[in-house]
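Mind the numbering: the sequence shown is residues 1369 to 1538 in the working numbering, read in order. The C-beta atom is built at its ideal place from N, Cα and C for all residues, glycine as well. Given the structure is predicted, the values throughout are model-derived calculations rather than measurements.
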Amino acid sequence: MNEAHFHLLVNHLPIMGSLFGLIVLALGFALRSSVVRRVGLFLLILGGLTAMPANFSGEGAEEVVESLPGADHKLIHEHEESAEVALIVSVIVALISMVGLFAEWKGKKWAIYVSTTVLLLSAGNFYLLRKVGTTGGEIRHSEIRKDFVASPEHEHEEEHEHEDGEHDDD
C-alpha cells in the first residue's frame, strides 16, 4: 500500500465523522437529550482526530499523484490549501467538543452553551471538509469538475448501450 492508497482510505473519515456528529448533535438538541448530545460530541471528537492522519498522509499522496499523467498541480495546491484550513478548524471543533462532552457528562449548567457553539462550528467545519473532499476528488475525477463537458462520442456510445439493453455497471 502506497501513501496515496492510505490517504484514500482515511480521507473520508473526518468528513463523515463531522457529518454524523453534526446530525447527532442537532438531534440531541431537538430531543433535548444530553445523552444524544454527548454521542454527537464524541463523534465530532473522532472526526477531528481522524482529520490528522488524513491531512498528514496527503503530502505522501501528493508525491505519488504528481508523477501520474494528467496531474493538475493547481488542483493539488487548491486541495492542500483547503485541507490545511479544515484541519485547524477540525481540531478546534474536537477540542471544544471535549470540553462540551465533559460539561454535558458532569451536568454543568454552561454545557448547553458549549454544545451550541460546537453545533455552529461543526456546521461550518462540515462545509470546509466538503470542499476538501470535492477538491480532492477533482484531482483524479475530471467528471466532477465544474468545467467538465461530456464528449459527444461518449454520449453517443451511451445511447447505443441503453438501446441494446446493456448497462454500464461502473
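Asked, Found
"Enumerate in chain order the residues of its own chain whose CB-to-CB distance from residue 1422 is below 6 Å, with the five nearest sequence positions on each side excluded.", "1378, 1379 and 1382"
"Between residue 1391 and residue 1465, how many whole angstroms is the CB-CB distance? I'm expecting something under 8 Å.", "Not confirmed; about 14 Å, so no contact."
"Taking only the alpha-carbon atoms, compute the straight-line gap between residue 1474 and residue 1456 and give it to the nearest angstrom.", "27 Å"
"Touching or not, the region 1394–1413 and the region 1435–1453, by the rule of three or more beta carbon pairs under 8 Å?", "no"
"Going by beta carbon distance, what residues of the same chain come within less than 8 Å of residue 1489, once the five residues before and after it are set aside?", "1457, 1460, 1461 and 1464"
"Are the beta-carbon atoms of residue 1446 and residue 1503 separated by less than 8 Å?", "yes"
"Compare the C-alpha of residue 1484 against each of 1370, 1389 and 1384 and name the closest.", "1389"
"In the structure shown, what three-state DSSP assignment does residue 1405 receive?", "helix"
"Going by Cα to Cα distance, which pick from 1428, 1369, 1370 and 1508 is closest to residue 1440?", "1508"
"Considering only the beta carbon of each residue, do residue 1493 and residue 1386 sit closer than 8 Å?", "yes"
"Here's the rule I'm using: 16 or more other beta-carbon atoms within 10 Å means buried, otherwise exposed. How should residue 1453 be labelled?", "exposed"
"Do you know how far the Cα of residue 1419 is from the Cα of residue 1374?", "13 Å"
"Can you tell which of 1384, 1427 and 1395 has the C-alpha that lies nearest to the C-alpha of residue 1372?", "1427"
"Residues in the same chain with beta-carbon distance under 8 Å from residue 1417, minus the five sequence neighbours each way, listed in chain order, please.", "1462"
"How many angstroms separate the CA atom of residue 1370 from the CA atom of residue 1376?", "10 Å"
"Report the option in 1443, 1442 and 1479 whose CA atom is closest to the CA atom of residue 1409.", "1479"
"Under three-state DSSP, which class holds residue 1382?", "helix"
"Any idea if residue 1506 is buried or exposed, counting beta-carbon neighbours within 10 angstroms, 16 or more meaning buried?", "buried"
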